[in-house]
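Colleague: Structure incoming, see below.
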Amino acid sequence: MVNKKKNKIKKCDLGIELPPTQAFAYETHPDLPKLHQQILVNGARGSGKTVAAVNLMKKFDFDRIFLVSPTARSNHAILSMLEIDPDDIYDDPDDPDIIDNIKAEIEAEAEAYDLYHEQMEKYKEFLKYKKSYPFKIPDELLIEFYDPDTKSFIEPQHWLNGRRCRMAILFDDIVGSRLFSKGVRKVNGLAILHRHVGPVKSEGGGALGVSTFYLSQTYTIQTGGITKAIRNNTTSVILFKSKNEKELKQIEEELAGEIGPETFRKVYEYAISEPHSFLFIDLHPKEHHPSKFRKRFDEFIIVDETKKL
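If you count the sequence shown from 1, position 41 lands on 40 in numbering that gives the first Met the number 0, and the numbers rise without skipping.
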């Protein structure tokens, strides 16, 4: 500790300046976690993993969701809640090009976003000419916005009216697939850089990014499962009841944090005490959230009160 009486302290002008962009770039409902998310959903078969993930994704109100699952057709009743475009469903997890194809779609959204804002700047210039100097409108602006079919001038169009597209990827029933074994380098790359996919120049720059949801019956296996790269970059975890004590201890080691394994186990046992109930852990909660632990999504678990559980 510095003794201010014995040591002279002189400050210099090298303070930390934060960048204008943030890791969580999209506004969400006050009770929801931040976006972007990388969520690991862990539970046994029939526990309710897909139902929980779909409900949270629906609350986030994503504009576009990519589904990677060999069981997409059999889960149609649940997944139809998300209104996923059939073209955004990838039902062959052995296809090594899935990650590349999805990234290409996200980058196309970014290009469309930038193009719209570039065109809107020109359109504003066109409107100024049209209002004040209608006979001096540059030819390039006339050509840009004149539609010969309607014989009128058309304002630039964007399917979200210039808003950034909120996107997510749902990986379901993919453990053991080629994508998570031979193609794992691409999966790990996406896990690390998911916030940076689809860079844009307009409206402050940054990237559109994508949130990822990984549904798995096992927390970790040697090959073909949820990798350390995914777990290390996870922002939230949904844990259902597990009978695998070894796996639970590993989860405690990775997620207990400052509360310690014993208290974490109490929180976990309380959260899963009802059928199809689960523990939701938000590793980066909003400042006004009273806890990073919840029973399901709707009940915060205040850690100081776990002694009463």
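No residue lacks a Cβ here, since even glycine has one placed at the ideal position from N, Cα and C.
Can you grab the Cα-Cα spacing for the pair valine 209 / alanine 270, in whole Å?
Modeller: 28 Å
Colleague: Helix, strand or coil, according to DSSP, for asparagine 54 in the structure here?
Modeller: helix
Colleague: Under a Cβ-count criterion, where at least 16 other Cβ atoms within 10 Å of its own Cβ denotes burial, should serine 297 be classed as buried or exposed?
Modeller: Here residue 297 is aspartate; the residue named in the question, serine, does not match the sequence. Here aspartate 297 is exposed. Its C-beta has fewer than 16 other C-beta atoms within 10 Å.
Colleague: Across which residues does DSSP place asparagine 41 in a beta bridge pair?
Modeller: Ser215 and Leu238
Colleague: Just checking my contact of tyrosine 128 with lysine 135 at CB under 8 Å: how many whole Å lie between their CB atoms?
Modeller: 6 Å
Colleague: Can you tell which of Val67, Pro85, Ile83 and His195 has its C-alpha closest to the C-alpha of proline 95?
Modeller: Val67
Colleague: In whole angstroms, what separates the C-alpha of methionine 80 from that of alanine 167?
Modeller: 15 Å
Colleague: On the DSSP letters alone, give me the boundaries of the alpha helix (DSSP H) that arginine 264 sits inside.
Modeller: Annotation for arginine 264: the continuous alpha helix (DSSP H) segment containing it runs 259-270.
Colleague: Just to confirm, is the Cβ distance from isoleucine 229 to serine 215 under 7 Å?
Modeller: No, the Cβ-Cβ distance between isoleucine 229 and serine 215 is not below 7 Å.
Colleague: Sort Phe179, Ile301 and His275 by Cα distance to proline 92 and report the nearest one.
Modeller: Phe179
Colleague: Rounding to the nearest angstrom, what Cα-Cα distance links aspartate 84 and isoleucine 64 in this structure?
Modeller: 8 Å
Colleague: For isoleucine 97, I'd like the list of residues in its chain whose CB is within less than 7 Å of its CB, leaving aside the five on either flank, ordered along the chain.
Modeller: Val67, Tyr89 and Leu178
Colleague: Identify the continuous beta strand (DSSP E) that holds arginine 162 and give its terminal residues.
Modeller: Where arginine 162 is concerned, there is no enclosing beta strand (DSSP E), given that its DSSP letter is neither H nor E.
Colleague: Between the stretch 190-208 and the stretch 234-247, can you find at least three pairs of beta-carbon atoms closer than 8 Å?
Modeller: With the cut-off at 8 Å, the stretch 234-247 and the stretch 190-208 do not touch.
Colleague: Start and end of the alpha helix (DSSP H) containing phenylalanine 279?
Modeller: No alpha helix (DSSP H) holds phenylalanine 279; the beta strand (DSSP E) holding it covers 278-281.
Colleague: Name the one or two DSSP bridge partners that serine 151 has.
Modeller: Asp146
Colleague: Smallest Cα separation from histidine 275: which of Arg295, Thr149 and Val196?
Modeller: Arg295
Colleague: Quick one: grab the DSSP three-state call for arginine 177.
Modeller: coil
Colleague: On the CB-based measure, 16 or more other CB atoms within 10 Å of its CB, does glycine 42 come out buried or exposed?
Modeller: Buried is the call here.
Colleague: Please state if the CB of leucine 39 and the CB of valine 236 are separated by a distance shorter than 7 Å.
Modeller: yes
Colleague: What residues in its chain sit with their C-beta under 6 Å from that of threonine 234, if we drop five residues either side in the sequence?
Modeller: Only Gln36, Gln37, Leu282 and His283 meet the Cβ criterion.
Colleague: Kindly list the residues whose CB is nearer than 6 Å to the CB of leucine 78, restricted to its own chain and excluding five residues on each side of it in sequence; keep chain order.
Modeller: none
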